[in-house]
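As structure tokens, the structure follows; a few thoughts come after it.
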Amino acid sequence: MNMRAILLFTGVALLFVGTGIIQSWNVSLTILNMALISAIMALGVNMQWGYAGLFNVGIMGFVALGGLGAVLVSMPPNTEALAAGGLRIVAGLSLGAATVIGAILVFRKAGKWRGWAVAAVLFVGFFAYRAVMDPGVIAVEAVNPASSGNIGGLGLPVILAWPVGGLLAAGAAWIIGKTALGLRSDYLAIATLGIAEIVIAMLKNEDWLARGVKNVIGLPRPVPYEIDLQNSQSFIETVTEFGFDPVTASTITVKLAYAGIFAVVLIGLLWLAQAALASPWGRMMRAIRDNEVSAEAMGKDVTARHLQIFILGSAICGLAGAMMTTLDGQLTPGTYQPLRFTFLIWVMVIVGGSGNNFGSVLGGFLIWWLWVQVEPLGALLMEGITAGMADGTWLKGHLLDSVAHMRLLTMGLILLLVLRFSPRGLLPEK
Amino acid sequence: MDFLNALVALANFVIVPALAYGSQLALGALGVTLIYGILRFSNFAHGDTMAFGTMATILATWAMQSAGISFGVLPTALLALPIGIAATGLLLLGTDRLVYKFYRVKKAKPVIFVIASLGVMFVMNGIVRFIIGVDDQQFADGERFLITARDFRTMTGLEEGLAIKTTQVITVAVAIIVVAILFWFLNKTRTGKSMRAYSDNEDLALLSGINPERVVMYTWLIVGGLATIAGVLYGLDKSFKPFTYFQLLLPIFAAAIVGGLGSPVGAIAGGFVIAFAEVTITYPLKKLLGYLLPDSLAPDGLVQLLSTDYKFAVSFVILIIVLLFRPTGLFKGKSV
Amino acid sequence: DGHSPVKLGVVLGFTGPLESLAPAMAGGAELAMSEVTDSGLLLGGVTVEPVRGDSTCIDAAAATSATERLITGDGVAGIVGADCSGVTGAMLQNVALPNGVVMISPSATSPGLSTAEDNGLFFRTAPSDARQGVIIADILKEQGIESVALTYTNNDYGKGLADAFQAAFEEAGGTVTISAAHEDGKADYSAEVGALAAAGGERLVVAGYVDQGGSGIVRAALDSGAFDTFHFPDGMISQALVDNFGDEIDGSSGANPGTDSPGAQLYQEMAAAVDIDGTSPFSAEAYDAAALIMLAMQASGSADPSVYKDKVMDVANAPGEQILPGELAKALQILADGGEIDYVGASAVELIGPGESAGNYREVGFEGGELKVIGYR
Amino acid sequence: MSDPYQDNRGNKDASITNPHGRGTMSAGTASGERSRTQDAYLIGDSMTGGYGQGPDILHDCTIAVNKGEIAVIVGPNGAGKSTGMKAVFGMLNLRKGAVRLDGEDITALSPQDRVVKGMGFVPQTSNIFTSMTVEENLEMGAFIRRDDFRKTIEQVYELFPILGDKRRQAAGELSGGQRQQVAVGRALMTQPKVLMLDEPTAGVSPIVMDELFDRIIEVSRTGIPILMVEQNARQALEIADKGYVLVQGRNAHTGTGKELLADDEVRRSFLGG
Amino acid sequence: MIEVQDLHRHFGGFRAVDGASLRIEPGSITGLIGPNGAGKTTLFNVIAGVLKPTSGRVTMAGEDITGLSPHVLFHKGLLRTFQIAHEFSSMTCRENLMMVPGGQSGETLWNTWFGRKRIANEERALRAKADEVLEFLTVSHLAEQRAGQISGGQKKLLELGRTMMVDAKIVFLDEVGAGVNRTLLNTIGDAIIRLNQERNYTFVVIEHDMDFIGKISDHVICMAEGKVLAEGSLAEIKANEQVIEAYLGTGLKNKDQLEGAPT
Ligand SMILES: Nc1ncnc2c1ncn2[C@@H]1O[C@H](COP(=O)(O)OP(=O)(O)OP(=O)(O)O)[C@@H](O)[C@H]1O
Ligand SMILES: Nc1ncnc2c1ncn2[C@@H]1O[C@H](COP(=O)(O)OP(=O)(O)OP(=O)(O)O)[C@@H](O)[C@H]1O
Ligand SMILES: [Mg+2]
Ligand SMILES: [Mg+2]
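Chains as they are written, first to last, in our numbering: chain P, 57 to 486; chain V, -12 to 323; chain Y, 3 to 379; chain R, -2 to 270; chain S, 79 to 341.
Below is the structure:
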């Protein structure tokens, strides 16, 4: 960390402090919590791009898988639904997996007709899968569809869900990596984009899994509920002693608790990432990024390394996704949009400075703060513009009506300005 | 007879709509591919450029309509198209001057252009909504149908109808014409060749006396034209809504990539591949089989491979499969 | 003191997929607020000031932050919103509930929200989808329709409504030939229409939004000759539908929340006077949501949400004098005088159970390019 | 090197960006004093300057060539040979010195304007349009000409017959030596008044090298001055009228080709003994 | 050491390597020459695993290595340099060398977190070795220089230096001399001879400069059109009619005229 980094981090810290003073500490902490999660996502993406030059535009998919992990681990199991169709679903899924593996095996056993053989295996397998799976799905979804209609989860503490979310994402990354990384790294981008869309489509439409677009709400929390604090005599006594209002104190306490856990995760990951980067492993990754052909000729297994870093980065995104779902308290597949979950993270990485872990963290904090605050900032700007205009004119009315769109516009302007004056990011890789 | 019915049903619900949609995607993908090929980055602002061009055309259309100008059976918007293209061209040149030129002079790496285009996307997004708002706008006028399903049925006595919309015909026709012109331009004219030369080897183009700024200017103008045409044709066929145009970005990119980024022929092919994939894979075969098979064998269920929920996912699966077997897209994308 | 303005939050998706619905909804809510401010009667003459927040409809974190800013920064006393069920749930759980602020959503119809923990703070002026499903089934059965194709917008509103309807319709002996989702804001709906047409049916039920995929589906279905008549649930019924399709949809049916009280008509006129499209979906519900908050304040004599939350049901339901849009001043006066009101409003509000609209429906038909009211349920 | 915009630190992804064909050349600036020490048809006179903000690479370096002459620049790697060529072509920030063509001071002109003035340049690497046909490559060479250039094409085909046979073939599919011929042919299409070649024979087989040298002699015989950098120094100096040995951006030795070849120190230090 | 049997590598219909067969004796320095496009680089690429052969067999010390990946071959002691220098441009010259040895414990993620002591020791040894190699190549002053910022000839030296960081058995050099100053090339030639004599490396060297080949090589193979055209000592090859016709040529035709012409 050099002087520049310290200054920039102080600056961002001041933004949060300023938010606390001008708006409220609750707002500031809300933004901070999500900023911590964003920083973790940016860290994951930075590993892939900044360390290894892998262009992942499927972040959204991994984040969503992390969210799925949170649901599958922490929600109580739905025994009725499981009894109704659980077995069939398990059988169906196994059949599906067997089909794919079978197809791959047939493909490997090269022969003149292998194209047709693979097609036949897939065709038969697909219909068998549907035949086994569909009744199970229908049975599960029929169990009280308005409020559940899914298999539920394991009912374990939600913190456990975070690594599981990471594992789910890692599993998906492994599959993508196995197919796409073997080719050439460029196609990874397209593959990830596609897989992300497929993951979201699956989450939206497989109601038996996590209720699809009907959303899972009311996920358990790793921290106390504000209401419980507000009803706890000891809590009220403690805070009133210090002269705080119980409601504000409870909301702040909960947010601080989240912030604490998130910060521990972030700092831990940051330490791991930094240690790795500064070691021969980091040197090897830089060499691979610099020149794949040459690294391969120098005995480095480029494909394996790519796979490793791709899985790691994706797992971190999945972990962050599970954390985010926990913070939201719900899984809402309809909210996963590439703009928000893929491109915004990219902006964080690039603005922060790709290749530099601290840069990604800084980018995560700054861009998320902006993403939230450009709304009031844009409104302020628009008020300034229209202040001089006479009341009731068409233009003024029109401009004030459009104030919501200042949000993206302001975001765009800031991005362009940062890129112009700090093209390698705020904290460039040295 | 049954066979004809099956054929007509297929044409009406699969072939005709997919052709029109494919042409729209293809025109959009052409723009993306040209920028990738010549200016060498993926332009994420393309969807919003299309929205801007369409908006400009709509405003011009409204002005014409209120002045009593119309284009007979054809939509007035076609008359207004040149104005829209001009406005979009100006916008793109302005964007280039304000944003991209700086990086070009600095010889910035492509990824910086990509991220800058994200910024431009945000800004254009706001501008369009500022000017025309977020609502649906219908601006098609003139004759809507070449032939309606009902007319077709009475005409032929078949059970199934075949509807062909004017806009569908215009879309496909314009797509063919535009692609033909673009081909001729790139391969036969001096300017077109200089653009290809620039995209092939920038330094050498400079040494041959080709003015890079002119090439860039022509590229943006052509892209402006393509984006506006694509946007207007799409808007005529469906309707104009800024958010939808932003969402078009993904299928357009998918089309450009399947075809091979940087290859104009690929963009066309990609557009149709994506369109047909979306429409065919989710099309239930119940009716077709009902016509084609003897009654005793006619299926009860829908005989649908995948539900329509997955249509978008399907186009990406196809994309990935294509790439696994043809790693640079159908038409070996690289440069123009 | 009683004279500093009361702030009310209006948190809707001003950007994002529902951005075209949001302005008319916010306009409705703010119309009620200015009506109350102008009356000078609320809590002895306080003014009401709207503060907008962007729910984005799809970004729970951004919506939560915006709400947090409104509640803890601006200190709003209640919130009209949000529009999409997903973000509404997050806002409720993470901000409104902990801070004890009342939220009334004009359009979040997901049945899941009925059972969400809310401490009596969450209400909605839109009915839960379950009720509407039954209504649609009834209407169609009465018209002698046996089989329909069904398409829904792929979110909790559409899916919930579609499920409810399908269950009710099949219970009543009807057949749903296909239930196909469509995504809003997508480029092309040929695939969906192809599938719907192939499945067939006497009518197409379009559980979507009028200025979203819903209209796209209808357009494509009409153009390809797949369906001539439709049934339109509440998200589809608006002036825009008639403007877009005119007599092409003659013979179709529809239903949206409403009673035979003249409230809806009144509201549309009021809205038109200030350049808001009062027929736009959920605009009337937004007006009612804002009105309910302010009336509950008046009834409890306090702008403190923990106090007035208990009065929301009271002012919304009988007994008491019926209140229509534009009569907020009268209502405030009655409440100030210690009387009781039964707020009917623009969408015939009747709150039941866990604080959601009972769902009185207005059945409509389309003839000669016009929307005709047929009856009420 | 330190330009932040050009540094992507190895991240290269062709699916969202297309690094193919991206240029690296940029026009330089010329500021400071001009000297006039010599006269020749083309002369880079006492040039001092470097890339961008970086240190000076050239130090008071002079390179000149007259009509009908072949001038060859030799020297160790990193001596500034290519840099000197670029300086003459206006792609360096010159702090001192001047470039004159046919008596006219062109120091302030951009590279493009120098092309218009009749200077042809074949860079050391990537000197053809690989995706275009041989004929299109030649057409692009004639880009600035408004007259009918078909005759010149025929002349190039006469000079390099193999190109005539392969005129419809994409230049990227040709072998190394043929590519070099296309590159030279492209430069000739401008009908240059002066031709500059940077290591035209690097990596080509002996037979092709001989062929290329033959052609270059023929071209020079038509009166076109030729300025050439070569590492195959002995062969090059044999045909050179004038030789420059550059060391660390300075003129170390200058003389006729024969003189330099005969100079023991030059042979030992720069020509490999 | 290396035996290539009837190797084919086709690109589409084009036969870049078309049935080449050759033997490389252990401890030899073999020159590989041939016209442009003869398939030399392609042959290297196939042997080193960058390209998969269309057909044919490659064995190394009796072991079949056909189609193995480059990184696997590296660990078997087969190293190669590139026709165009492939340095790691953003890393220093010393790092360029230090990254080469395989099996460093610091290359395992686990150790970077929990085995830091061991890594530090290993690094110290590696560093010493890298400095030794730089010294051998007479470029010690470049240790801290970024490899992207050294001259072309120095990059070629660095390429050679990387092969010295491990105990290579056989090294393939692809046109180390192209674009390199002849005096520097002599230095490189000396280095090659020393490695061959002191460490018993086997070399295969592609080169168009006959003087250089003559200096270092005892055995020359000439390829043309994807096949081996001739094989033998340099003198034999130089006298071979076919080789002269396809590759060496007979010198400048215009030279004589030139001498007569006024200068
Ligand atoms: N684009 C550039 N920016 C900064 N420095 C450069 C650039 N190109 C070359 N240099 C530096 O300028 C010096 C001279 O390089 P130049 O390419 O002129 O050498 P050269 O004599 O042509 O060598 P070679 O025979 O290897 O081609 C070298 O030290 C090199 O590092
Ligand atoms: N990827 C490829 N696709 C198509 N053709 C190729 C490819 N790589 C090489 N070739 C062709 O194979 C032939 C042999 O190329 P190679 O690089 O092996 O030649 P070389 O003997 O090394 O020549 P040089 O001396 O010029 O380096 C050439 O004609 C070349 O055009
Ligand atoms: Mg050079
Ligand atoms: Mg070679």
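Backbone N, C-alpha and C fix where the C-beta goes; we use that ideal spot for every residue, glycine too. As the structure is a computational prediction, the values presented were derived from the model and not from experiment.
| query | Three-state secondary structure (DSSP) at ARG205 (chain Y)? | reply | Within the third sequence, the letter at position 203 stands for residue 205 (chain Y). If DSSP states are grouped into helix, strand and coil, ARG205 (chain Y) belongs with the strands.
| 7 Å Cβ cutoff met for ILE239 (chain V) and GLY15 (chain V) | Sequence index remark: in the second sequence, residue 239 (chain V) carries index 252 (1-based). Sequence index remark: in the second sequence, residue 15 (chain V) carries index 28 (1-based). In this structure, GLY15 (chain V) lies closer than 7 Å to ILE239 (chain V) by Cβ.
| message | When you compare the CB of GLY269 (chain R) with every CB in chain V, is at least one pair closer than 7 Å? | response | What you label residue 269 (chain R) is simply residue 272 of the fourth sequence in a count that begins at 1. No, GLY269 (chain R) does not count as interfacial toward chain V.
| request: Quick one: using the 10 Å Cβ neighbour count with 16 as the cut-off for buried, is LEU50 (chain V) buried or exposed? | output: Along the second sequence, one-based indexing puts residue 50 (chain V) at 63. Note on identity: in this sequence residue 50 (chain V) is Ala, with Leu being the wrong assignment. By the neighbour-count rule (16 or more Cβ atoms within 10 Å), ALA50 (chain V) is not buried but exposed.
| request: Ignore the nearest five residues each way along the sequence and tell me which others in HIS250 (chain R)'s own chain have a CB closer than 7 Å to its CB. | output: Your numbering for residue 250 (chain R) matches position 253 in the fourth sequence. Taken in chain order, the residues that qualify are VAL242, LEU257, ASP260 and VAL263.
| said: Spatial neighbours of ARG97 (chain R) within its chain, please: C-beta separation below 6 Å, excluding the five flanking residues on both sides. | reply: The residue labelled residue 97 (chain R) in the question sits at position 100 within the fourth sequence. ILE40, listed in sequence order.
| field | Between the CA atoms of ALA446 (chain P) and LEU436 (chain P) - distance to the nearest angstrom | value | Translated into the one-based positions of the first sequence, residue 436 (chain P) becomes position 380. Translated into the one-based positions of the first sequence, residue 446 (chain P) becomes position 390. Whole-angstrom Cα-Cα distance: 17 Å.
| request: Could you check how far apart the C-beta atoms of ASP150 (chain R) and LEU192 (chain R) are, in whole angstroms? I think they sit under 8 Å. | output: On the fourth sequence, position 153 is the one that residue 150 (chain R) refers to. On the fourth sequence, position 195 is the one that residue 192 (chain R) refers to. At residue 150 (chain R) the sequence reads Ile, which differs from the Asp that was named. With a Cβ gap of about 17 Å, ILE150 (chain R) and LEU192 (chain R) do not count as contacting.
| task | Could you tell me whether the Cβ atoms of LEU185 (chain R) and VAL226 (chain R) are closer together than 7 Å? | result | On the fourth sequence, residue 185 (chain R) is found 188 positions in, with the first residue counted as 1. On the fourth sequence, residue 226 (chain R) is found 229 positions in, with the first residue counted as 1. No, the Cβ-Cβ distance between LEU185 (chain R) and VAL226 (chain R) is not below 7 Å.
| field | Straight-line Cα distance separating ALA127 (chain V) from PRO62 (chain V) | value | Reading the second sequence from its first residue, position 75 is the one you call residue 62 (chain V). Reading the second sequence from its first residue, position 140 is the one you call residue 127 (chain V). Distance between the alpha carbons of PRO62 (chain V) and ALA127 (chain V): 6 Å.
| field | Cβ distance (whole Å) where ALA293 (chain Y) is taken to contact ALA34 (chain Y) below 8 Å | value | In the third sequence, the residue the question calls residue 293 (chain Y) occupies position 291. In the third sequence, the residue the question calls residue 34 (chain Y) occupies position 32. Contact holds; Cβ gap of about 4 Å.
| query | Any chance the CB of ASN114 (chain S) is under 6 Å from a heavy atom of ligand 2? | reply | Here the question's residue 114 (chain S) lines up with position 36 in the fifth sequence. ASN114 (chain S): yes, Cβ under 6 Å from ligand 2.
| Under 8 Å Cβ-Cβ, which residues of chain Y neighbour ALA460 (chain P)? | If you number the first sequence from 1, residue 460 (chain P) lands on position 404. Here the neighbours are PHE16, THR17, GLU21, ALA24, ARG54 and ASP56.
| request: Within 10 angstroms of the Cβ of GLU173 (chain Y), are there 16 or more other Cβ atoms? Answer buried if so, exposed if not. | output: Along the third sequence, read from residue 1 onward, the residue named residue 173 (chain Y) stands at position 171. So GLU173 (chain Y) counts as exposed.
| task | Taking GLY273 (chain Y) as the query, report the chain V residues whose CB atoms sit under 8 Å from its CB, ordered along the chain. | result | In the third sequence, the residue the question calls residue 273 (chain Y) occupies position 271. One point to set straight first is that residue 273 (chain Y) is Ala, not Gly, in the sequence displayed. Simply none; closest approach about 16 Å.
| Residue nearest to THR206 (chain V) in terms of C-alpha spacing, selected from V:VAL156, V:LEU79 and V:GLN11 | Looking up residue 206 (chain V) in the second sequence gives position 219. Checked all of V:VAL156, V:LEU79 and V:GLN11; the closest Cα to THR206 (chain V) is V:LEU79.
| Which bits of chain R does ASP83 (chain V) rub up against, with CB to CB less than 7 Å? | Walking along the second sequence from the start, residue 83 (chain V) turns up at place 96. Result: empty, since nearest Cβ-Cβ is about 16 Å, beyond 7 Å.
| Candidates V:LEU(-9), V:LEU(-6), V:ILE157 and V:SER10, of which the one nearest ALA254 (chain V) by Cα | One-based indexing of the second sequence puts residue 254 (chain V) at position 267. ALA254 (chain V) has its Cα closest to that of V:SER10, out of V:LEU(-9), V:LEU(-6), V:ILE157 and V:SER10.
| Heavy atom of ligand 2 less than 6 Å from the Cβ of ALA94 (chain S), yes or no? | Taking the first residue of the fifth sequence as position 1, residue 94 (chain S) is located at position 16. Yes - ligand 2 has a heavy atom lying nearer than 6 Å to the Cβ of ALA94 (chain S).
| Excluding the five sequence neighbours on either side, which residues of its own chain have a C-beta within less than 8 Å of the C-beta of GLY277 (chain V), listed in chain order? | Position 290 of the second sequence holds residue 277 (chain V). Taken in chain order, the residues that qualify are ALA285 and PRO286.
| message | ligand 1 and GLY249 (chain V): does any heavy atom of the ligand fall closer than 6 Å to the residue's C-beta? | response | Numbered from 1 along the second sequence, position 262 holds the residue referred to as residue 249 (chain V). GLY249 (chain V): no, Cβ never under 6 Å from ligand 1.
| said: Quick test of your reading: PHE100 (chain V) and PHE172 (chain V), contact by CB under 8 Å. State the CB separation rounded to the nearest angstrom. | reply: Looking up residue 100 (chain V) in the second sequence gives position 113. Looking up residue 172 (chain V) in the second sequence gives position 185. Not confirmed; about 24 Å, so no contact.
| query | Should PHE118 (chain R) be flagged as near chain S, meaning a C-beta pair shorter than 7 Å? | reply | Numbered from 1 along the fourth sequence, position 121 holds the residue referred to as residue 118 (chain R). No, no contact with chain S.
| request: Taking LEU63 (chain P) as the query, report the chain S residues whose CB atoms sit under 9 Å from its CB, ordered along the chain. | output: Numbered from 1 along the first sequence, position 7 holds the residue referred to as residue 63 (chain P). Residues of chain S passing the Cβ test: none, with the nearest at roughly 26 Å.
| task | For GLU196 (chain R), go through chain S and note every residue whose CB falls closer than 7 Å to its CB, in chain order. | result | In the fourth sequence, the residue the question calls residue 196 (chain R) occupies position 199. Ordered by position in chain S, the residues that pass the 7 Å Cβ test against GLU196 (chain R) are GLY257.
| field | beta-carbon LYS78 (chain R) near ligand 1 non-hydrogen atom, thresh 6 Å | value | For the purposes of this step, residue 78 (chain R) is taken as the residue at position 81 of the fourth sequence. It does: the Cβ of LYS78 (chain R) is within 6 Å (strictly closer) of some heavy atom of ligand 1.
| said: Taking 6 Å as the cut-off, is the beta-carbon of GLY173 (chain R) closer than that to any non-hydrogen atom of ligand 2? | reply: Taking the first residue of the fourth sequence as position 1, residue 173 (chain R) is located at position 176. Answer for GLY173 (chain R): yes, Cβ within range of ligand 2.
| query | Looking at the unbroken alpha helix (DSSP H) that takes in PHE163 (chain P), where does it start and where does it end? | reply | Looking up residue 163 (chain P) in the first sequence gives position 107. First-last of the alpha helix (DSSP H) with PHE163 (chain P): 143 to 164.
| request: Report the three-state DSSP secondary structure of ASN121 (chain Y) (helix, strand or coil). | output: As a working note, residue 121 (chain Y) is residue 119 in the third sequence. DSSP places ASN121 (chain Y) in coil when its eight states are reduced to three.
| request: May I ask which residues mark the beginning and end of the beta strand (DSSP E) holding ARG194 (chain S)? | output: Taking the fifth sequence and counting its residues from 1, one reaches residue 194 (chain S) at position 116. Careful: ARG194 (chain S) lies outside any beta strand (DSSP E), inside the alpha helix (DSSP H) at 194 to 214.
| said: If contacts are defined as beta-carbon pairs under 8 Å, then VAL351 (chain Y) and ASP290 (chain Y) qualify, I think. What distance do you get, rounded to the angstrom? | reply: The residue given as residue 351 (chain Y) occupies position 349 in the third sequence. The residue given as residue 290 (chain Y) occupies position 288 in the third sequence. Contact holds; Cβ gap of about 5 Å.
| request: Let me know the alpha helix (DSSP H) ranges lying completely inside the stretch 111 to 165 of chain S, each 4 residues or longer, listed in chain order. | output: 118 to 125 and 148 to 153
| Per DSSP, the bridge partner or partners of ALA302 (chain S) | By one-based count along the fifth sequence, residue 302 (chain S) stands at place 224. Looking at the DSSP assignment, ALA302 (chain S) forms a beta bridge with S:LYS305.
| What's the gap between the Cα of LEU45 (chain Y) and the Cα of SER116 (chain Y)? | Position 43 of the third sequence, counted from the first residue, corresponds to residue 45 (chain Y). Position 114 of the third sequence, counted from the first residue, corresponds to residue 116 (chain Y). The straight-line gap from Cα to Cα measures roughly 31 Å.
| request: Check the DSSP bridge columns for ILE134 (chain V) and list the partner residues they point to. | output: For the purposes of this step, residue 134 (chain V) is taken as residue 147 along the second sequence, with counting starting at 1. Bridge partners of ILE134 (chain V): V:ILE151.
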